[in-house]
Amino acid sequence: NNDDHELWQVLDLVGLGHLVRSFEFGIDQPLIDGKTLSVGQKQLLCLARILLQHRTTMNQMIIIMDEATAHIDIQTDRQIQRTLRERFAHCTMLIIAHRFNTIMDCDRIWVLDDGKIIEDDRPRSLLYDGHSHFSRLVNNNL
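Taking the numbering used here, the leading residue of the sequence shown gets 105, the next gets one more, and so forth.
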């Protein structure tokens, strides 16, 4: 049915379709305490849930993602970030991340030090400001 079709589309989009198809019971597979899934797969499952919920809530969402792709490879992270930006263009998103590529397309970033905001600007503005803490962080991690 259409709901199953949409579910499979989202599972494929986040990179879990192949895994779920390999389960003995497919989408009906019991996941007891999530022990069947790795940490990265659990993160992808949470992202899939957000994508499925979006169709009913539309622009009313505020999405908070705390290291949501930390245990996912860089290529999958890029795909997820692109999808989130396309599907949630009119939603408010608060993204907490240590991977610089995860936040570079954000409208604004806050750089925190000891729980205090020390910088607040567009990512590229901070990146190209040689005196910014953010620029130094990025350059030290290259």
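C-beta: ideal position from N, C-alpha, C; glycine also.
Taking all protein chains shown into account, decide if residue i is buried (16 or more other Cβ within 10 angstroms of its Cβ) or exposed.
{"i": "V315", "result": "Only positions 105 to 246 of the chain appear in this structure, which leaves residue 315 out of reach."}
{"i": "T196", "result": "exposed"}
{"i": "G119", "result": "buried"}
{"i": "D181", "result": "buried"}
{"i": "I131", "result": "exposed"}
{"i": "I213", "result": "buried"}
{"i": "Q179", "result": "exposed"}
{"i": "L148", "result": "buried"}
By how many angstroms is the C-alpha of residue j removed from the C-alpha of residue i?
{"i": "H202", "j": "P134", "result": "33 Å"}
{"i": "E223", "j": "I200", "result": "15 Å"}
{"i": "T187", "j": "H175", "result": "18 Å"}
{"i": "K139", "j": "S239", "result": "39 Å"}
{"i": "R189", "j": "D116", "result": "17 Å"}
{"i": "G121", "j": "L155", "result": "14 Å"}
{"i": "V242", "j": "S229", "result": "13 Å"}
{"i": "Q183", "j": "G219", "result": "30 Å"}
{"i": "R80", "j": "R153", "result": "The first residue shown for the chain is 105 and the last is 246, placing residue 80 beyond what the model contains."}
{"i": "D108", "j": "D217", "result": "45 Å"}
{"i": "L151", "j": "P227", "result": "24 Å"}
{"i": "N245", "j": "G234", "result": "15 Å"}
{"i": "E110", "j": "F129", "result": "18 Å"}
Considering only the alpha carbon of each residue, which of the options lies closest to residue i?
{"i": "I167", "options": "Q185, N243, V242", "result": "Q185"}
{"i": "D211", "options": "H194, H235, L111", "result": "H194"}
{"i": "D177", "options": "Q145, L198, W112, P227", "result": "Q145"}
{"i": "T173", "options": "Q113, N205, Q157", "result": "N205"}
{"i": "L123", "options": "I136, D137, L141", "result": "L141"}
{"i": "Q157", "options": "F192, D170, L231, E171", "result": "F192"}
{"i": "I221", "options": "I136, E171, H237, M165", "result": "H237"}
Task: Continuous alpha helix (DSSP H) assignments of at least 4 residues falling wholly in the region 192-230 - done: Segments of the alpha helix (DSSP H) lying fully in the region 192-230: 204-207.
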